[in-house]
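K.L.:
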Amino acid sequence: MPETYFEAINLGKTYKTPSGDAVIVKGFDLKMQKGEFVCVLGHSGCGKSTVLSMVAGLNDISEGSVLLDHKEIEGAGPDRGVVFQSPCLLPWMTTWDNVMLGVEQVYFHATQEERNQIVEYYLNAVGLHGAKDKRPSELSGGMRQRVGLARAFALSPKMLLLDEPFGMLDKLTKFELQQVLIDLWNRERLTAMMITHDVDEAIYLADRVVMMTNGPAARVGEIVKIDFERPRDRRDIMSDPRYLEYREQLISFLEERVYQMDEAA
Ligand SMILES: Nc1ncnc2c1ncn2[C@@H]1O[C@H](COP(=O)(O)OP(=O)(O)OP(=O)(O)O)[C@@H](O)[C@H]1O
Ligand SMILES: [Mg+2]
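Count the sequence shown with the numbering used here and you get residues 1 to 265, in order.
(1) Taking DSSP as the reference, what is the three-state secondary structure of E36?
(2) Since P157 contacts R144 with CB under 8 Å, what's their CB separation in whole angstroms?
(3) Count the other CB atoms within 10 Å of the CB of W92; is the residue buried (16 or more) or exposed (fewer)?
(4) Just to confirm, are V210 and A202 a CB contact at a threshold of 7 Å?
(5) Relative to the C-alpha of E248, which candidate in L30, I73 and V199 has its C-alpha closest?
(6) Under 6 Å: does the beta carbon of C46 sit that close to some heavy atom of ligand 1?
(7) Is the beta carbon of G42 sitting closer than 7 Å to the one on I24?
(8) Does ligand 2 have a heavy atom nearer than 6 Å to the CB of S49?
(9) May I ask whether a heavy atom of ligand 1 can be found less than 6 Å away from the beta carbon of I24?
(10) Could you pull the DSSP bridge partners for Y15 from this structure?
(11) For G77 and S62, what's the separation of their Cα atoms in angstroms?
(12) Are the CB atoms of V220 and L30 within a distance shorter than 7 Å?
(13) Would DSSP call M100 helix, strand or coil?
(14) With DSSP run on the structure shown, which of helix, strand or coil describes G221?
(15) Following the continuous alpha helix (DSSP H) through I266, name the residue where it begins and the one where it ends.
(16) Which residues in the same chain as V126 place their Cβ atom closer than 7 Å to its Cβ, once the five residues preceding and following it in sequence are excluded?
(17) Along the chain, where does the alpha helix (DSSP H) containing M159 start, and where does it finish?
(18) Thinking just about the alpha-carbon of each residue, which of G141, N124 and I73 is nearest to the one in E7?
(19) Determine the direct distance from the alpha carbon of L58 to that of R234, and round the result to whole angstroms.
(20) Under three-state DSSP, which class holds L68?
(21) Is any non-hydrogen atom of ligand 1 found closer than 6 Å to the C-beta of T17, if you look at the structure I gave you?
(22) For chain B, is any of its Cβ atoms less than 7 Å away from the one on K134?
This is the structure:
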């Protein structure tokens, strides 16, 4: 049996609101193996970002626990690299310095030369070497997200957490960035949890797609295992008959939930 590397156990989140307690997530259970790539799908507002931010340690856990590499997480830390829809880059710093900032934190025992090599390696990997002296305001949205990916991978985290990282990009840029992400991931095989609204993106990237039920009290609904070999070729998998089966499974789960939402309204 492969070892469990990440585990969310009975995870729950209740927000205090003026109209009382709002139970957003309840009984969310998920195990992941080391090096597994999981995409999380679910309707808007069901609680995906709430789960991810608890795993990142950026949001208090109301109930249950999260184990990473056999240890319970407490607060945020550089063992989890987080990428949001808009990367929070420091506007006064260059691309190079934005990536170096995290590297200095994690590789504090390394020499400056070693740290330079790490930054250089990841900027090359995301295709940004030519923009290393530019500030975020001089970069396009896609380039900024490349910095976000470089920064997260450069930490060599135990886990990569991505919340709709390509949600704001046009389709072409999104394809490019998916490629940058998966090329890096293929090299390093980090354990990754990525939230997306895009069914095709989930099938292309994930080993398993975790679908969340609608809130309130959202949890894991169904899990679809994506059996395509890696590295994957987008065209090859799209012409594989299993592609449409996976797509159908994911879409019908989401559609069922839409009907339930209508009935509840
Ligand atoms: N700080 C907060 N206080 C109260 N309610 C909150 C808070 N943050 C989020 N919520 C509520 O929790 C629910 C889940 O929010 P969350 O952002 O996790 O959803 P999501 O699945 O990521 O949605 P989307 O797909 O639109 O990003 C929403 O109903 C939201 O209004
Ligand atoms: Mg969200």
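Every residue, glycine too, gets a C-beta built ideally from N, C-alpha and C.
P.N.:
In this structure, then:
(1) coil
(2) Between R144 and P157 the Cβ distance is about 20 Å, and since that is not below 8 Å, they are no contact.
(3) exposed
(4) no
(5) V199
(6) yes
(7) no
(8) yes
(9) yes
(10) A22
(11) 19 Å
(12) yes
(13) helix
(14) strand
(15) Since the first and last residues shown for the chain are 1 and 265, residue 266 lies out of range.
(16) R146, L149, A150 and V180
(17) Segment M159 to D163 is the beta strand (DSSP E) holding M159; no alpha helix (DSSP H) there.
(18) I73
(19) 34 Å
(20) strand
(21) yes
(22) Protein chain content of the structure displayed is limited to a single chain, and chain B is not contained in it.
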